[in-house]
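S.K.: Just so you know, the protein sequences line up as chains W, V, G and A, in that order.
Counting from 5, one number per residue, gives the positions in the first sequence under the working numbering.
Counting from 5, one number per residue, gives the positions in the second sequence under the working numbering.
Counting from 5, one number per residue, gives the positions in the third sequence under the working numbering.
Counting from 5, one number per residue, gives the positions in the fourth sequence under the working numbering.
Backbone N, C-alpha and C fix where the C-beta goes; we use that ideal spot for every residue, glycine too.
None of the values given here were measured: they were computed from a predicted structure.
After the structure tokens below, expect a handful of questions from me.
There are 4 protein chains.
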Amino acid sequence: MTREKSAHREKLSGVFAPMTTPFDDQGKILLDKMALNVQKLNGSRLRGYLVLGTNGEFRSLSTPESIDLLRTVVKTASPDKVIMAGTGSESTSVSIELCHQAAEAGAHYGSLITPFFFAKKMSDSALINHFIQVAERSPIPVLLYNNPGVTGITMSTTVIKEVSSHPKIAGMKDSSPGNLSAYILNAQPGFYLLAGSANFFFTGLLMGAIGGVLSLANAFPERCCRLYDFGVARNLEEGRELQFHLMKINQMVSGKYGVAGVKATMDFVGFYGGPTRSPLTSLTVDEKKKLREGLVGAGLLKGQ
Amino acid sequence: MTREKSAHREKLSGVFAPMTTPFDDQGKILLDKMALNVQKLNGSRLRGYLVLGTNGEFRSLSTPESIDLLRTVVKTASPDKVIMAGTGSESTSVSIELCHQAAEAGAHYGSLITPFFFAKKMSDSALINHFIQVAERSPIPVLLYNNPGVTGITMSTTVIKEVSSHPKIAGMKDSSPGNLSAYILNAQPGFYLLAGSANFFFTGLLMGAIGGVLSLANAFPERCCRLYDFGVARNLEEGRELQFHLMKINQMVSGKYGVAGVKATMDFVGFYGGPTRSPLTSLTVDEKKKLREGLVGAGLLKGQ
Amino acid sequence: MTREKSAHREKLSGVFAPMTTPFDDQGKILLDKMALNVQKLNGSRLRGYLVLGTNGEFRSLSTPESIDLLRTVVKTASPDKVIMAGTGSESTSVSIELCHQAAEAGAHYGSLITPFFFAKKMSDSALINHFIQVAERSPIPVLLYNNPGVTGITMSTTVIKEVSSHPKIAGMKDSSPGNLSAYILNAQPGFYLLAGSANFFFTGLLMGAIGGVLSLANAFPERCCRLYDFGVARNLEEGRELQFHLMKINQMVSGKYGVAGVKATMDFVGFYGGPTRSPLTSLTVDEKKKLREGLVGAGLLKGQ
Amino acid sequence: MTREKSAHREKLSGVFAPMTTPFDDQGKILLDKMALNVQKLNGSRLRGYLVLGTNGEFRSLSTPESIDLLRTVVKTASPDKVIMAGTGSESTSVSIELCHQAAEAGAHYGSLITPFFFAKKMSDSALINHFIQVAERSPIPVLLYNNPGVTGITMSTTVIKEVSSHPKIAGMKDSSPGNLSAYILNAQPGFYLLAGSANFFFTGLLMGAIGGVLSLANAFPERCCRLYDFGVARNLEEGRELQFHLMKINQMVSGKYGVAGVKATMDFVGFYGGPTRSPLTSLTVDEKKKLREGLVGAGLLKGQ
């Protein structure tokens, strides 16, 4: 392993929040609310922020909007926070362009979702070629992003074997159910795995993942960091208990309502969540009520 | 039905070519080749052109690239050709923006693919709301675009029932297998259906579709127009025969190779096809050889 | 084409009812109700009956139950009716055994659903081998049965090309959306296609199918036979109208409620439908009321 | 928790082999080979045997064949081994019948795969009703079997919440990727989870599963039992290492080749694997050679 690659370990170890994008009721981006959320999270033990990811509704934004948002986060983040930006497009050339824009805006890593518009044609060799070409020409290192629930493509272990030794490919955020161990097993040294869900964060850490990008970290950063601590400390009893606690919350929030649930929860605990951008729909008054009751029941909010 | 809606019938009756986007070997767009293709097709009986669709690899382009391409087509198209432009994004607001840009560039219709990044959340009401909001604020009328093979979402007949009476929603291009008749049955008067594949163009016309957007029209416009004629004339015997002939070609070209097959075929018959944009891969030398042999065998190319 | 194969044309031309299986409230089979339904249908112009198909809940029956049911139909059917029996199991050897049992019970054709328990392993060559082995050793000719909505496997045109010239393979019942024309195109002469749904029966006949196995024929045999007549007579206007009428009913009945909807409709019009077998659930009182209203609205039932 | 339920803990704690079914080249079952395999495994530390499961190609057998096979295993198994039998059919009534037959043949547990022929209609309430009805009327306790890779249905946590307190429902074998922790979290006390794959056996044990049904146990029972030991002992370092080792083998064997790979591997190490039953295809000579090389490379076989 090169020195270059091992340097990523320190930068990627810990919990990242996949930041949501604040909109007003007309769907306009509220940069000041974005800054507010970042300022609040600056005080947490989070390792950093992922901007322009799935929870950030990145494919619902125009390119200029994306850059403004990223700039706001970079400007507001405290210097110890590591910033990843979604730079994965459907083509290699546009992805490279987005990596350049993200680098200029100050991001430390680009996050490359697998292209999926032509999903049936995305052979292993097509994906390998894509990731390596982008990494080669990107001014910043990149992370792969595996999310078959959205893309319909499950990254194969063949792709991981091939690209994981590349000096500019730092690792992968894995949001797929049940594959994290297989990726760890098949990765070359110096390729770092991040759990893309609280549902398998603790077991992932036990098996060799070094961090997580957890939607719950937008609302409950400290609990997520504590689970990370238990994983690092190999504290099985407390880790297992907290893992189950966070899974229960995840079931209520992301599992049931997706991004809209994350945003509603953020509103409950003092962040700005706000509405999702159309056609994605926000929670109804009834759904919010039920979610609140669930979170009160789980001891996360005070009831009235 | 309003006068406004019935005017669409004339504009949408016939065959449209879903234009491919010409790239060089480095993935740069070649606007002059685009113009060349349009000039050649201007001499055909095609009703018009769809720019920035699936065959145009529209999600692989940046927004400025898309506009340049569309402008080139508008500038080069003969005045009798109707021009549709892909303007469907993952969000309502960006789709509206793209409709404005397409209108300024001179397109006559915007084509709205169903948003699918958050496919599991795209309920009927979310989609209805999206299409109506975009139609309301778009300066040009729109067509829906139903392609579950790409989006994972099959437009429901409930959506069609709801949106098909909207004065700014002219119809739908349907690329789904086996649903065209159901959409015709459930549409309000003045909502026009276009077959999105040669595979069901003839039967679609018999059941009430008024046109087609056929990838084969990029290479074989006259044969596609002849099939349209047979459909309009209710010529069952010749229509059935030509339908089978085009299906056989479709099987070899799009069915097996997708956009890359369409481009290779265009190269064979004197258009500029060229490479696809990475990560989508072009045909290998061997695949091109086999495809050529198949087309020779089908009587579409001269052998050597 | 051999004489043997062309003889199938006469036997398979027309409409077949995929018979439902009558149960009492405890899930016991009612052979007398089965006989009653057959007697009523004997008076219709139906070409024959498919016993032990999807609408017959065949995978919910034990083998002895299946044989009793088939025997009852054979015994009751008028001599002009052609009888097909579902004989497709997950293995080649058990399918052969079922063909023997069906032949002994008096069925004229065995219907072979694609094995799908190990769907990912069902390569074209595995399926070709299966169908040919069963056909070779079956005492009666067989029909393939293509229903990807249930099996997850879409029969490939390669399979059709390979097996369609076999003297013991008479044709295929195709219930897949949008593939019927492709199968007709790729079949050898003497391989007969039956539409597996009223939704594409008329267009299927125009393209070369010779019959249909239509769940609506259980309740409305005459309307289905009339659509067949329009198809044979190439009567486009009336055929199109009746096609749409039956699609509208299909949407309400099978499309929405599946087998349970077919059974409820049978009860409405004087056949014995009765409950489905657990875990498949029958219509609720509310659902029955709505379905009845829909059928009254479509002019198929008298309101009260 | 009742005494009845806690008694299951002892019986289900450990590793089970999902027995393959031995066939000759004509697809005939070889009961003597079945007995031979059982005798060899009797000497291992396996907790017991699952007969008539997915690896047993149970849906490819006739009912009389299934009973003969089960009887052979019961007769040959040493008295300390716990025997589960696949008794899940597509209907509630046939499943009950199979539970009776399995009980008479001497099985200790029935294993109920989710019915999936009418997958789209298998609502939570339909499944809950099915499992409870079968459990009520079965003479032996039952285990649920969750295998979405085969059935297309992922057991919901709602179903688990509802049925897990039933005194006759002992637990579930979970072969789904990534859901085991969620089932543990949502189960009532006295409902025991078994990992259905070596890929998540170790982490499953850490989170609360009490055993596993592992295809590799057919060929490498001792390694599987050792992984169980590490899990029980909370030995993270050695457990993690052995977990990765077994995953690597699983990738080569089941992952790539399914049941046919398991059988070939059994042949390599002195059990009777033999061919699969048509249409499932056995490994080619080439595939066997590659598999053998892989297993030699992993230190499981001696090379030549």
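1) Quick one: is V289(A) buried, meaning 16 or more other Cβ sit within 10 Å of its Cβ, or exposed?
2) For L246(W) and L231(W), I'd like the C-alpha separation in whole angstroms.
3) Can you list, in chain order, the residues of the stretch 167 to 191 of chain V whose Cβ is nearer than 9 angstroms to any Cβ on chain G?
4) Under the DSSP definition of a beta bridge, which residues are partnered with A21(W)?
5) Find the residues of chain W that neighbour S64(V), judging by a C-beta separation of less than 9 angstroms, and give them in chain order.
6) Just to confirm before moving on: does the CB-CB distance between F120(V) and I173(V) stay below 8 angstroms?
7) For T155(G) and chain V, any beta-carbon pair shorter than 8 angstroms?
8) In the structure shown, what three-state DSSP assignment does A89(A) receive?
9) Decide if R281(V) is buried, meaning its Cβ has at least 16 other Cβ atoms within 10 Å, or exposed.
10) Based on Cα-Cα distance, which residue from T24(G), K124(G), Y113(G), S185(G) lies nearest to L148(G)?
11) Near E140(W), which residues of its chain fall below 8 angstroms by C-beta distance, leaving aside the five closest residues on each side in sequence?
12) Just verifying my parser: in three-state terms, what is the DSSP assignment at N183(G)?
13) Are the Cβ atoms of V19(A) and G215(A) separated by less than 8 angstroms?
14) Grouping DSSP H, G and I as helix and E and B as strand, with all else coil, what is Y276(V)?
15) One question on the structure: do A191(V) and S160(V) come within less than 8 angstroms of each other, judged by their Cβ atoms?
16) Along the stretch 274 to 287 of chain A, where does the CB come closer than 7 angstroms to a CB of chain G? Name the residues.
17) For K32(A), does the three-state DSSP call read helix, strand or coil?
18) Nearest to L54(W) by alpha carbon, out of V300(W), N222(W), R244(W)?
19) Please list the residues of the stretch 125 to 143 of chain G that have a C-beta atom closer than 7 angstroms to any C-beta atom in chain A, keeping them in chain order.
20) Which term fits P283(A), buried or exposed, when burial requires 16 or more other beta carbons within 10 angstroms of its beta carbon?
21) Excluding the 5 residues flanking A107(W) on each side, which residues of the same chain have their C-beta closer than 6 angstroms to its C-beta?
22) Would you kindly report the start and end of the unbroken beta strand (DSSP E) that includes M176(G)?
23) Taking any Cβ of chain G, which residues in the stretch 251 to 275 of chain V have a Cβ under 8 angstroms from it, in chain order?
24) Under a Cβ-count criterion, where at least 16 other Cβ atoms within 10 Å of its own Cβ denotes burial, should A237(A) be classed as buried or exposed?
25) Enumerate in chain order the residues of its own chain whose CB-to-CB distance from R49(G) is below 6 angstroms, with the five nearest sequence positions on each side excluded.
26) Using a beta-carbon distance cut-off of less than 8 angstroms, what residues from the stretch 192 to 203 of chain W approach chain A?
27) Okay, do the stretch 36 to 48 of chain W and the stretch 198 to 212 of chain W touch, 3+ Cβ pairs below 8 angstroms being the bar?
28) Short check: CB of Y261(W) to CB of P26(W), under 8 angstroms?
29) Considering only the alpha carbon of each residue, which of V263(V), H249(V), A109(V) lies closest to L301(V)?
30) As an exercise, report each continuous alpha helix (DSSP H) stretch of at least 4 residues that is fully enclosed by the stretch 89 to 117 of chain A, in chain order.
31) Along the chain, which unbroken stretches of the beta strand (DSSP E) at least 3 residues long are found entirely within the stretch 207 to 292 of chain G?
32) If the cut is a Cβ gap below 7 angstroms, which residues of chain G does E101(A) touch?
33) In the structure shown, what three-state DSSP assignment does F121(V) receive?
34) State the CB to CB distance for the pair I164(V) and A123(V), rounded to an integer number of angstroms; the pair is presumed to be in contact (CB under 8 angstroms).
35) F195(A) and G175(A): beta carbons closer than 8 angstroms?
36) Going by C-alpha distance, which of V138(G), D29(G), R75(G), D271(G) is nearest A39(G)?
M.R.: From the atom records:
1) Residue 289(A) sits at position 285 when you count from the first residue of the fourth sequence. With a 10 Å radius around the Cβ and a threshold of 16 neighbouring Cβ atoms, V289(A) comes out exposed.
2) Position 242 of the first sequence, counted from the start, is the residue given in the question as residue 246(W). Position 227 of the first sequence, counted from the start, is the residue given in the question as residue 231(W). When only Cα atoms are considered, L246(W) and L231(W) end up about 6 angstroms apart.
3) Within the stretch 167 to 191 of chain V, the residues whose Cβ lies closer than 9 angstroms to some Cβ of chain G are S180, P181, G182, N183, L184, S185, A186, I188, L189, N190, listed in chain order.
4) As a first step, residue 21(W) must be located in the first sequence, where it is residue number 17. Y53(W), per the DSSP bridge assignment.
5) As a position in the second sequence, residue 64(V) is number 60, starting the count at 1. Those are S93, E94, S95, T96, S97, V98, P119, F121, F122, listed as they occur along chain W.
6) If you number the second sequence from 1, residue 120(V) lands on position 116. If you number the second sequence from 1, residue 173(V) lands on position 169. Not a contact, by the Cβ cut-off of 8 angstroms.
7) What you label residue 155(G) is simply residue 151 of the third sequence in a count that begins at 1. So, not an interface residue.
8) For the purposes of this step, residue 89(A) is taken as residue 85 along the fourth sequence, with counting starting at 1. Reduced to three states, the DSSP call for A89(A) is strand.
9) Position 277 of the second sequence holds residue 281(V). Classification for R281(V): buried.
10) As a position in the third sequence, residue 148(G) is number 144, starting the count at 1. Nearest of T24(G), K124(G), Y113(G), S185(G) to L148(G), Cα basis: Y113(G).
11) Here residue 140(W) corresponds to residue number 136 of the first sequence, with the count starting at 1. Closer than 8 angstroms at the Cβ level, and outside the excluded window around E140(W), lie K172.
12) In the third sequence, residue 183(G) corresponds to position 179, counting from 1. Assignment of N183(G) by DSSP, reduced to helix, strand and coil, places it in the coil class.
13) Walking along the fourth sequence from the start, residue 19(A) turns up at place 15. Walking along the fourth sequence from the start, residue 215(A) turns up at place 211. Yes, the pair counts as a contact, with Cβ atoms nearer than the cut-off.
14) Taking the first residue of the second sequence as position 1, residue 276(V) is located at position 272. If DSSP states are grouped into helix, strand and coil, Y276(V) belongs with coil.
15) On the second sequence, position 187 is the one that residue 191(V) refers to. On the second sequence, position 156 is the one that residue 160(V) refers to. Going by C-beta atoms, A191(V) is not nearer than 8 angstroms to S160(V).
16) Listed by position, the residues of the stretch 274 to 287 of chain A near chain G (Cβ gap below 7 angstroms) are R281, S282, P283, L284, T285.
17) Here the question's residue 32(A) lines up with position 28 in the fourth sequence. In the structure shown, K32(A) sits in coil (DSSP, three-state: anything other than H, G, I, E or B).
18) Numbered from 1 along the first sequence, position 50 holds the residue referred to as residue 54(W). Closest option to L54(W), Cα to Cα, is N222(W).
19) Identification of residues in the stretch 125 to 143 of chain G having a C-beta nearer than 7 angstroms to some C-beta of chain A yields K125, M126, A130, L131, N133, H134, Q137, given in sequence order.
20) Indexing the fourth sequence from 1 puts residue 283(A) at position 279. The Cβ neighbour count for P283(A), taken over all protein chains shown within 10 Å, is at least 16; the residue is labelled buried.
21) The residue given as residue 107(W) occupies position 103 in the first sequence. Closer than 6 angstroms at the Cβ level, and outside the excluded window around A107(W), lie P143, I144.
22) For this step, residue 176(G) is matched to residue 172 along the third sequence. Segment 173 to 178, the beta strand (DSSP E) holding M176(G).
23) Cβ contacts with chain G: M251, K252, Q255.
24) Residue 237(A) sits at position 233 when you count from the first residue of the fourth sequence. A residue is called buried when at least 16 other Cβ atoms come within 10 angstroms of its Cβ; A237(A) does not meet this threshold and is exposed.
25) Taking the third sequence and counting its residues from 1, one reaches residue 49(G) at position 45. Within the same chain, R49(G) has close Cβ partners C229.
26) Residues N203.
27) Not touching, per the Cβ criterion.
28) Along the first sequence, one-based indexing puts residue 261(W) at 257. Along the first sequence, one-based indexing puts residue 26(W) at 22. No, these two residues do not count as a Cβ contact at 8 angstroms.
29) As a working note, residue 301(V) is residue 297 in the second sequence. Note that residue 301(V) is Gly in the sequence shown here, rather than Leu. Closest by C-alpha distance to G301(V), out of V263(V), H249(V), A109(V), is H249(V).
30) For the alpha helix (DSSP H) assignment, the uninterrupted runs of no fewer than 4 residues enclosed by the stretch 89 to 117 of chain A are, from N- to C-terminal side, 96 to 109.
31) List check, beta strand (DSSP E) in window: 215 to 217.
32) As a first step, residue 101(A) must be located in the fourth sequence, where it is residue number 97. Here the neighbours are S66.
33) One-based indexing of the second sequence puts residue 121(V) at position 117. The three-state reading of DSSP puts F121(V) in coil, since its state is none of H, G, I, E or B.
34) Your numbering for residue 164(V) matches position 160 in the second sequence. Your numbering for residue 123(V) matches position 119 in the second sequence. So it is not a contact: roughly 18 angstroms between Cβ atoms.
35) Taking the first residue of the fourth sequence as 1, we reach residue 195(A) at position 191. Taking the first residue of the fourth sequence as 1, we reach residue 175(A) at position 171. Yes, Cβ-Cβ distance for F195(A) and G175(A) is below 8 angstroms.
36) Here residue 39(G) refers to the residue found at position 35 of the third sequence. When each option's Cα is compared against that of A39(G), the closest is R75(G).
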